[in-house]
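Chains H and E, in that order, give the protein sequences.
Counted the way my numbering counts, the first sequence spans residues -1 to 109.
Counted the way my numbering counts, the second sequence spans residues 621 to 735.
Every residue, glycine too, gets a C-beta built ideally from N, C-alpha and C.
Working notes, structure below.
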Amino acid sequence: DAKTTQPTSMDCAEGRAANLPCNHSTISGNEYVYWYRQIHSQGPQYIIHGLKNNETNEMASLIITEDRKSSTLILPHATLRDTAVYYCIVRSTDSWGKLQFGAGTQVVVTP
Amino acid sequence: NAGVMQNPRHLVRRRGQEARLRCSPMKGHSHVYWYRQLPEEGLKFMVYLQKENIIDESGMPKERFSAEFPKEGPSILRIQQVVRGDSAAYFCASSFGQGTNSPLHFGNGTRLTVT
């Protein structure tokens, strides 16, 4: 699986958009970009995934660059409950459900 | 629409005892995965099962650990003769399909403490 690089931490003001970057420069054409988050003492929560088109759901938007070497997760209106570790994962077709969780980005939403 | 259910939420075992962790996947999901998160470490894949079959157990320790997903009932992760190093959070996930376009959905885990 392609490796991902994320900032260690970032702060965001409540009510503002949170833009979380992820680099995956070695991504292959058939690999999906997935985002999960883990709130303290809970299980990872699925947020969104995409292949090459931008995606949006009720939780977030995913913007993937045209060359697919990086992506941005956007939380449009951050709340205190969005404080969590956010993981960007590249998932290949032969990985089954073997997701490679890195260190992620610790996001702290402040009032 | 219930999510992935794991029980117990917390489990305390003495060294040498057995631990049994249970996981009921989301309705309609036939693919189950187990992950482990050691203290201050990231999540690590352990095993992938479909009904009655182990598909990939490359992340499972060679000894004392086993997993099953019977035709009826929950998936079970079994740890025999537990040691202090087994203390961790164990997460189960399920998916509808096995393809990369089928997200995994996780439960809230079982926190195993070995005393």
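Pick helix, strand or coil for residue i, following the three-state DSSP scheme.
i	result
E:D706	helix
H:L78	helix
H:N21	strand
E:V652	strand
E:A622	coil
H:I37	coil
H:M57	coil
H:A16	strand
H:S68	strand
E:E688	strand
Can you find the residues in the same chain that come closer than 6 Å, C-beta to C-beta, to residue i, ignoring five residues on each side of it along the sequence?
i	result
E:V667	W654, E677, M680 and A687
H:H47	Y30 and Y32
So which of the options has the shortest CA-CA distance to residue i?
i	options	result
E:R642	E:T735, E:V734, E:T733 and E:F711	E:F711
E:G636	E:K647, E:N673, E:E661 and E:R684	E:R684
E:E672	E:E660, E:P690 and E:G717	E:P690
E:R656	H:V31, H:Q40 and H:Q4	H:Q40
H:R79	H:P19, H:I25, H:R35 and H:Q4	H:R35
E:A639	E:H725, E:F726, E:V702 and E:N721	E:V702
E:L663	H:T91, H:V83 and H:V107	H:V83
Answer with buried or exposed for residue i, where buried requires no fewer than 16 other C-beta atoms within 10 angstroms of its C-beta.
i	result
E:N728	buried
H:D9	exposed
H:K96	buried
E:G719	exposed
E:G717	exposed
Please work out which residues of its chain come closer than 7 Å, Cβ to Cβ, to residue i, disregarding the five sequence neighbours upstream and downstream, and give them in chain order.
i	result
E:I675	Y668 and L669
H:Y44	Y34
H:L49	Y30
Tell me which same chain residues have a C-beta within less than 8 Å of the C-beta of residue i, skipping the five on either side of it?
i	result
E:H725	G623, V624, M646, H649, A713, S714 and S715
Three CB pairs or more closer than 8 Å across the stretch 695 to 708 of chain E and the stretch 68 to 81 of chain H = no
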